[in-house]
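Numbering (this note's numbering), first residue to last: 49 to 345.
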């Protein structure tokens, strides 16, 4: 059965009583630097078919933080409309990002531009930045050297840097040591939809960066294709998920945004509750003692 967009609120309302116990175990707030997010899903604002679709997707996502490309030409659509007019600034903290930058110097300039734009908007996101310094336009993988340079410069300038990186544990450690407020390894390349390509490396990063600082924020950024990918990221022990294309390019972005919200919550709960061990053989869930048997003795 396909859920029509117009039916979504009704579906939620009909099941309100059934999900009440789950709502009582909602994920706790996530603290990143001086910011506290009530929802662990961070959603991007790019690549939607229209500002209206983006606006409705953000509304159903449950998120209270969205990323926005701060280069001035990206703030308007073909009709000259400003994306800011379609974002509820009373609800959302904006996380400016340096999308499209290929060297540290450009990324730093872009971050400073974002800070000034958000100061004028009086949005609390003015002091942080999602740092994205790419190595090339084909793979969209991060440049580790330029990312490290930019992190050092921005942290020294008072920015709280959420740094996009590869799943290389050594690079992740260097970024944290350079002053990043959060490290955000890619699940797989940006926009690929491949999901969590290397869970082992993500687990190593988690173990390493949280060994001496259990509260250090780790967020999976990029590559998520569907809700199960987001749940897996959280089950690996990550603190949040940042995504864009998986919602923006879904056949129904509005419903997919809601699915991502539920997946992040479910993945966090699964991680905290502790999964059962894996076994080569089955294990009966019902007791065998006292079972009536038709076997001949």
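Just so it is clear, CB atoms sit at the ideal spot from N, CA and C, and this is done for glycine as well.
If you follow the alpha helix (DSSP H) that residue i is part of, which residue opens it and which one closes it?
i: residue 132; result: Premise fails: residue 132 is in no alpha helix (DSSP H) and is neither H nor E.
i: residue 256; result: 247-259
i: residue 309; result: 301-321
i: residue 295; result: 293-296
i: residue 198; result: 192-204
i: residue 158; result: 152-169
i: residue 279; result: 275-283
i: residue 326; result: No alpha helix (DSSP H) holds residue 326; DSSP gives it neither H nor E.
i: residue 217; result: 217-225
How close, in whole Å, do the beta carbons of residue i and residue j come, if the pair is a contact with beta carbons under 8 Å?
i: residue 113; j: residue 134; result: Not quite, the Cβ-Cβ distance comes to about 16 Å (not below 8 Å), so this is no contact.
i: residue 361; j: residue 279; result: This structure gives no information on residue 361, because the portion of the chain shown stretches from 49 to 345.
i: residue 198; j: residue 152; result: 4 Å
i: residue 213; j: residue 223; result: 6 Å
i: residue 226; j: residue 200; result: 5 Å
i: residue 175; j: residue 82; result: 7 Å
i: residue 75; j: residue 131; result: Rounded, the Cβ-Cβ distance is 28 Å, inconsistent with contact.
I'd like to know whether the C-beta atoms of residue i and residue j end up nearer to each other than 8 Å.
i: residue 306; j: residue 86; result: no
i: residue 91; j: residue 312; result: no
i: residue 172; j: residue 181; result: no
i: residue 154; j: residue 177; result: no
i: residue 290; j: residue 115; result: yes
i: residue 231; j: residue 162; result: no
i: residue 188; j: residue 166; result: no
i: residue 179; j: residue 211; result: yes
i: residue 89; j: residue 309; result: yes
i: residue 302; j: residue 105; result: yes
i: residue 249; j: residue 215; result: yes
Among residues of its own chain, excluding the 5 on either side of residue i, which ones have a beta-carbon nearer than 6 Å to its beta-carbon?
i: residue 318; result: 283
i: residue 253; result: 217, 220, 233
i: residue 70; result: Low confidence applies to residue 70: its pLDDT is 46, below 50, so where it sits in the model is not reliable, and the reading given next is rough at best. None.
i: residue 315; result: 279, 282, 283
i: residue 100; result: none
i: residue 149; result: 155, 158, 181
i: residue 275; result: 307, 308, 311
i: residue 238; result: 188, 270
Which same chain residues, not among the five before or five after residue i, have their C-beta less than 8 Å away from its C-beta?
i: residue 242; result: 235, 236, 271, 273
i: residue 256; result: 217, 220, 221
i: residue 77; result: 84, 85, 86
i: residue 258; result: 264, 266, 285
i: residue 206; result: 175
Could you give the first and the last residue of the continuous beta strand (DSSP E) run that contains residue i?
i: residue 230; result: 230-233
i: residue 356; result: Any answer about residue 356 is impossible in this case: the structure gives the chain only from 49 up to 345.
i: residue 1; result: Given that the chain is displayed from residue 49 to residue 345, the structure contains no residue 1 and the question cannot be resolved.
i: residue 93; result: Note, residue 93: premise wrong, no beta strand (DSSP E); not H, not E.
i: residue 117; result: 113-117
i: residue 244; result: Looking at the DSSP string, residue 244 is not in any beta strand (DSSP E), and its letter there is neither H nor E.
i: residue 212; result: 208-213
i: residue 272; result: Here residue 272 belongs to no beta strand (DSSP E), and DSSP marks it neither H nor E.
i: residue 177; result: 176-179
i: residue 11; result: This structure gives no information on residue 11, because the portion of the chain shown stretches from 49 to 345.
i: residue 144; result: 141-145
i: residue 182; result: No beta strand (DSSP E) contains residue 182, which DSSP labels as neither H nor E.
i: residue 85; result: 83-85
If you measure from the beta carbon of residue i to each beta carbon in chain C, is any gap under 8 Å?
i: residue 195; result: In the displayed structure, chain C is absent; only one protein chain is listed.
Beta-carbon within less than 7 Å of residue i's beta-carbon, same chain only, minus the 5 sequence neighbours each way: which residues are those?
i: residue 298; result: 304
i: residue 120; result: For residue 120, the predicted structure reports a pLDDT of 48, less than 50, and the residue's modelled location is therefore unreliable. The matter cannot be settled from this model.
i: residue 246; result: 215
i: residue 262; result: none
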